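Single-structure report; data block below.
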Amino acid sequence: MTTILETIKVRYAWVMAAGWPEKRKPLADTILSTSRWKPWTAPGFGSRFNDAKLASEVERNFHDLRGTCATHCKTAGLTD
């Protein structure tokens, strides 16, 4: 099974090779950004999350995603 991080690395390999991340402005205190390197708005992220949820036919909600992320961060040794 391919992990999400592996999928992202493959999907955006051309962006990384082009050096785009070095040319963009840093996003202070931003964890997630859009494909245009802008911070997600709450309605925008919620809309994309719901689109993905409907496409996957998985009965989950955003709170489940948040909890899973927290678990993975803790397992990886991240505490702050």
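Plus 103 on top of the position in the sequence shown (first one is 1) and you've got our numbering. Glycine is no exception: its CB is placed at the ideal position from the N, C-alpha and C atoms. Computed from a predicted model, the values in this text were never measured in an experiment.
Contacting residues, own chain, Cβ-Cβ under 7 angstroms from I107 (five flanking each side not counted): none
Cα-Cα separation between L157 and T144, rounded to whole angstroms: 20 angstroms
Member of F152, E160 and K177 whose CA lies at the smallest distance from the CA of H166: F152
Cut-off 8 angstroms between Cβ atoms - residues of its own chain near R163, not counting five sequence neighbours on either side: Only K156 meet the Cβ criterion.
Length of the line joining the Cα atoms of A173 and A121: 32 angstroms
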